[in-house]
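Asker: Once you've had a glance at the structure underneath, I'll fire off some questions.
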Amino acid sequence: MRPVIPYVTAALLFGLGVYGVLRRRNAVLVLMSVELMLNAVNLILVTADTTARAVLPHSGQVFALFVIVLAAAEIGVGLAIVLQLYRLRATVAVDDVPLTESPDPVGGREPVVLDAEAGR
């Protein structure tokens, strides 16, 4: 088997995933691009396992299985973060997420100051 075709396909998939991560503004599409990159890595692992004779048999397929498990966990955590972002900001645009703002303990409202002299 010639490993050139799967390697080139994996490189194209990985490049498309990198482009999606760098250019997309929607958080769900960014997660899909990360999945595309992980699938490209899986393709490389399985192709390398079938073409090269390793000391451990089927080691590339085992690593690919671990990558699939990690991808499933990443999607679970990532979608939970996206849902929480949508609940707080009503958008899933990555550009609208403030990175330097500290969280407000009151929940976005002005704190109520009680005046001791007015009896409140």
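Read in order, the letters of the sequence shown correspond to residues 1 to 120 in the UniProt record's numbering.
From the three backbone atoms N, C-alpha and C, an ideal C-beta is built for every residue, glycine too.
Predicted model, so just to flag it, every value in this text is computed and none were measured.
Taking the beta carbon of V30 as the centre, do at least 16 other beta carbons fall within 10 Å, making it buried, or is it exposed?
Answerer: Its Cβ being crowded by 16 or more others within 10 Å, V30 is buried.
Asker: Within the 8 Å Cβ cut-off, does R53 reach chain B?
Answerer: Although the question refers to chain B, the structure presented lacks it and comprises just one protein chain.
Asker: Could you work out which residue in L85, V34, D49 is closest to A71 when comparing CA atoms only?
Answerer: Considering only alpha carbons, the answer is V34.
Asker: Tell me where the alpha helix (DSSP H) around A10 begins and ends.
Answerer: From DSSP, the alpha helix (DSSP H) with A10 extends over 4 to 23.
Asker: Using 8 Å as the cut-off, can you tell me whether the segment 47 to 62 makes contact with the segment 19 to 28, which would need three or more C-beta pairs spanning the two stretches below that distance?
Answerer: Contact between the segment 47 to 62 and the segment 19 to 28 is absent, because fewer than three Cβ pairs lie under 8 Å.
Asker: Does DSSP put A93 in a helix, a strand or coil?
Answerer: Strand at A93.
Asker: Tell me, to the nearest whole angstrom, how far the beta carbon of V92 is from that of V28; I am working on the premise that it is less than 8 Å.
Answerer: Correct: roughly 6 Å between the Cβ atoms.
Asker: Could you tell me the distance, in whole angstroms, from the CA atom of V62 to the CA atom of L43?
Answerer: Straight-line Cα distance between these residues: approximately 12 Å.
Asker: Pick out whichever of G60, A90, E74 has its Cα sitting closest to the Cα of M32.
Answerer: Considering only alpha carbons, the answer is E74.
Asker: For V46, which residues in the same chain have their Cβ closer than 7 Å to its Cβ, ignoring the five residues on either side in sequence?
Answerer: Excluding residues within five positions, the ones whose Cβ falls inside 7 Å are G60, Q61, A64.
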